[in-house]
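Report on one structure; see the data block that follows.
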Amino acid sequence: MYERFTDRARKVMQLANQEAQRFNHEYIGTEHILLGLVKEGSGVAANVLKNLDVDLRKIRLEVEKIVQSGPDMVTMGKLPQTPRAKKVIEYAMEEARNLNHNYVGTEHLLLGLLREQEGVAAQVLMNLGLKLEDVRDEVLNLLGHGLEGEEAQTGGRASSKGSKSKTPALDSFGRDLTELAKQGKLDPVIGRETEIERVTQVL
């Protein structure tokens, strides 16, 4: 099932398993996947939720209000997923296909959670004052409507909301050397005759 998942998306599912065990639950629900997305911390989904001022503590508190912790027990290994959690993964794969991505990243898992509107995760986000459509828009805005995704990330923060650029992720994680040259902010080449000669020899 997870063949096309990115390393971050796989880590999210591992963290979801841990969060379920933390609540003494015998299953992985949509709420645990949401907690996993936030706890993972560096994927597209985590950046989207940070932009929307959603953190792990807030989500945990909201989950505790909706879902009671189970009785104390020691649960080891991989927990089964609820039907809604399985549906979220199906939706995530569908979202990846719709965006022409050949992988499933944290962004697709978040989009899947948003589509499963009856799940606890969607309830949690709405209880925190978020509109599901706004969260979806934030994901698509960061992705540049499918132009960039988790596979293209090399670190750094997500682009600000409302960016009109066609490549917001590239803008966030790269440097526009042409623009820097126009502004005279590139390192000078004076006194670097040896380096220049080597470059011209290679070229």
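For the sequence shown, position 64 (counting from the first letter as 1) is numbered 103 according to my numbering, and the numbering increases by one without interruption.
Ideal Cβ placement from N, Cα and C applies to all residues, glycine included.
As the structure is a computational prediction, the values presented were derived from the model and not from experiment.
Worksheet item: Whose CA, out of Glu70, Leu179, Asn63, Arg61, lies closest to the CA of alanine 135?
Response: Position 96 of the sequence shown, counted from the first residue, corresponds to residue 135. If we check each option's Cα against that of alanine 135, Leu179 comes out closest.
Discussion item. Relative to the C-alpha of isoleucine 128, which candidate in Glu103, His140, Arg154 has its C-alpha closest?
Written reply: As a first step, residue 128 must be located in the sequence shown, where it is residue number 89. Minimum Cα distance to isoleucine 128 is reached at Arg154.
Item to complete: Check whether the region 158-173 touches the region 56-66, taking contact to mean three or more Cβ pairs, one atom from each stretch, closer than 8 Å.
Response: no
Discussion item. Going by beta-carbon coordinates alone, are glycine 158 and arginine 123 separated by less than 9 Å?
Written reply: Against the sequence shown, residue 158 aligns to sequence position 119. Against the sequence shown, residue 123 aligns to sequence position 84. A contact, by the Cβ cut-off of 9 Å.
Worksheet item: DSSP beta-bridge partners for glutamine 120?
Response: The residue you call residue 120 lines up with position 81 of the sequence shown. Partner(s): Ile67.
Worksheet item: So what does phenylalanine 44 bridge to, in DSSP terms?
Response: To locate residue 44, count along the sequence shown from 1; it is residue 5. DSSP lists Val143 as partners of phenylalanine 44.
Discussion item. Taking the straight line between their C-alpha atoms, what separation do you get for threonine 45 and valine 102?
Written reply: As a position in the sequence shown, residue 45 is number 6, starting the count at 1. As a position in the sequence shown, residue 102 is number 63, starting the count at 1. Computed Cα separation, rounded: 26 Å.
Fill in: Best match in Glu79, Glu236, Thr239, Gln57 for proximity to leucine 18 [C-alpha to C-alpha]
What is shown of the chain runs 40 to 242, which leaves residue 18 out entirely.
Discussion item. Can you tell me whether glycine 82 is buried or exposed? The criterion is at least 16 other CB atoms within 10 Å of its CB, across all chains shown.
Written reply: For the purposes of this step, residue 82 is identified with residue 43 of the sequence shown, where counting begins at 1. Label assigned to glycine 82: buried.
Fill in: Spatial neighbours of arginine 175 in its chain, beta-carbon cut-off 6 Å, leaving aside the 5 residues before and after
Numbered from its first residue, the sequence shown carries residue 175 at position 136. Result list for arginine 175: Leu153, in chain order.
Item to complete: Report yes if the CB atom of leucine 181 is closer than 9 Å to the CB atom of glutamate 146, and no otherwise.
Response: By one-based count along the sequence shown, residue 181 stands at place 142. By one-based count along the sequence shown, residue 146 stands at place 107. Contact flag set, yes.
Worksheet item: If you draw a straight line from the C-alpha of methionine 52 to the C-alpha of isoleucine 72, how long is it?
Response: Stepping through the sequence shown from its first residue, residue 52 is reached at position 13. Stepping through the sequence shown from its first residue, residue 72 is reached at position 33. If you take the alpha carbons of methionine 52 and isoleucine 72, they lie about 6 Å apart.
Fill in: Coil, strand or helix - leucine 91 by DSSP
Your numbering for residue 91 matches position 52 in the sequence shown. Three-state DSSP puts leucine 91 in coil, outside helix and strand.
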